[in-house]
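Just below is one structure, and these are the notes that go with it.
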Amino acid sequence: MKMVKNANWISSCILHLASLIFLVACFARSELTPRRAFTAALLDDRIYAMGGWNGQATQLDLVEVIDPQTLRAQPAPPLNIARSQHASVVADDSIWVIGGWSAERGLVSALEIFSPRENVWRIITHLPTPRREPAAALLGRRIVVAGGFDGVNDGDLDGYLDVVEAYDLDAQQWRTLARLHAPRRGLTLVAFENSLYAIGGYVAGDGYLNLVERYDPARAAWQTLDWKIASRTWTATVVADDAIIIAGGFNREGFLGLVERVDPRTGKICNPPPMRVPRSWFAAVPFNHRVLTLGGEEADGIKNTIEWISIQCAK
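Position one of the sequence shown corresponds to residue 5 (this note's numbering), numbered consecutively onward.
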């Protein structure tokens, strides 16, 4: 009887230890600088966190590189232009940082490019329509920038944009694409199987959106989809494991931990486990069948939280 009790006690200890190890592996505080409204990108098995705002007077030119295995952050060459509320994509083995806002300059038009080989940021071109809170994605050989806000202040009702512009990487020229059906800021944009998906966002009047539009390059037009996703803005949205993952954000309920997994082929939605820390204006990167979330704003302020989230739904 005593041996059975000892065995049960040992099993309980092992289970507790395993749970503790899981928590440490999934949720950590790192040396990442606390910030919101920044972006992150995966390049050469390293995650680069770029720009943002930490609650001080001006935006950040800070770039940190994170090892996804150790979650340690190290400084990298800074941006030429400090900015927040920007977008970024990876193209041609380089990171492209697009648009945004600077307290010193106002709306930012510059696109900066960084490759680990050169180890320096270079301004390569300028957005025809400078804006903050746009969304961007790579579609074939084009960097597509959609929506955003170009108002003088947040109360400017004419500042919400439906403008979509594409930069051709080969021709090194901009062209205008079909406009979104709904102007909005704080949306996300992802590419999946040669289509673009513009998701969520915010617009004065209608407020927080659950609107999804799909861009078909063959038809050069946007189509509104009937996806039953939550209304929210300032989410992190990525493509992973043949699905679109929408995490966190903000709506009338406040900061969100909600995670939605959408099959773009069918529109079917399921819910992986929620984030442990509800937040908005954070960054996320898919890596090895999980998603690493970084920083953002939580109910008690701007943080440097790093959390792995599962993208698998319960059977």
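Note that CB positions come from ideal geometry on N, CA and C, so glycine has one too.
Check	Outcome
Where G110 falls, given that 16 or more other Cβ within 10 Å makes a residue buried	exposed
Cα-Cα separation between I51 and A80, rounded to whole angstroms	11 Å
Sub-9 Å separation of I85 and I127 beta-carbons	yes
Where E137 falls, given that 16 or more other Cβ within 10 Å makes a residue buried	buried
Three-state secondary structure assigned by DSSP to L161	helix
Bridge-paired residues (DSSP) for C220	It should be pointed out that residue 220 corresponds to Asp in this sequence rather than to Cys. Its beta-bridge partners are A225.
Sub-9 Å separation of R87 and Q63 beta-carbons	yes
Nearest-angstrom Cα separation, counted from M279 out to E116	31 Å
Nearest-angstrom beta carbon gap, I233 and T241 [assumed within contact, 8 Å]	So it is not a contact: roughly 10 Å between Cβ atoms.
Residues near E302 by beta carbon distance below 8 Å, same chain, minus five either side	F259, V281, P282, R283 and T309
Straight-line Cα distance separating T297 from E311	5 Å
Span separating the alpha-carbon of V94 from that of D210	32 Å
Sequence-distant residues of the same chain with beta carbon closer than 6 Å to A186, five excluded per side	L215
Cβ neighbour criterion (16 or more within 10 Å) applied to H90	buried
Own chain residues within Cβ distance below 7 Å of S119, not counting five before or after	D97 and S98
Cβ neighbour criterion (16 or more within 10 Å) applied to L161	exposed
Alpha carbon of G305 to alpha carbon of N58, nearest angstrom	9 Å
Between the CA atoms of Y164 and L142 - distance to the nearest angstrom	22 Å
D172 - DSSP class collapsed to helix/strand/coil	strand
Reduced DSSP category for M54 - H, G, I as helix; E, B as strand; rest coil	strand
Cα-Cα separation, P245 to V67	A small correction: the amino acid at residue 245 is Asp; Pro does not occupy that position in the sequence shown. D245 and V67: Cα-Cα distance of roughly 28 Å.
Nonlocal neighbours in the same chain, by C-beta distance under 7 Å from D154, ignoring five residues either side	L111, T133, P134, R135, G163 and L165
Whether V266 touches Y219 by CB criterion (9 Å)	no
DSSP three-state assignment for H293, whether helix, strand or coil	coil
Buried or exposed (CB count within 10 angstroms, at least 16 for buried), T43	buried
For H185: DSSP bridge partner residues	Its beta-bridge partners do not exist; DSSP assigns none.
For G300, the three-state DSSP class (helix, strand or coil)	coil
Backbone CA spacing between Y201 and A182 [nearest angstrom]	14 Å
Reduced DSSP secondary structure (H/G/I, E/B, other) of C274	strand
Contiguous beta strand (DSSP E) assignments of at least 3 residues, all confined to the stretch 64 to 113	67 to 70, 77 to 80, 91 to 95 and 98 to 102
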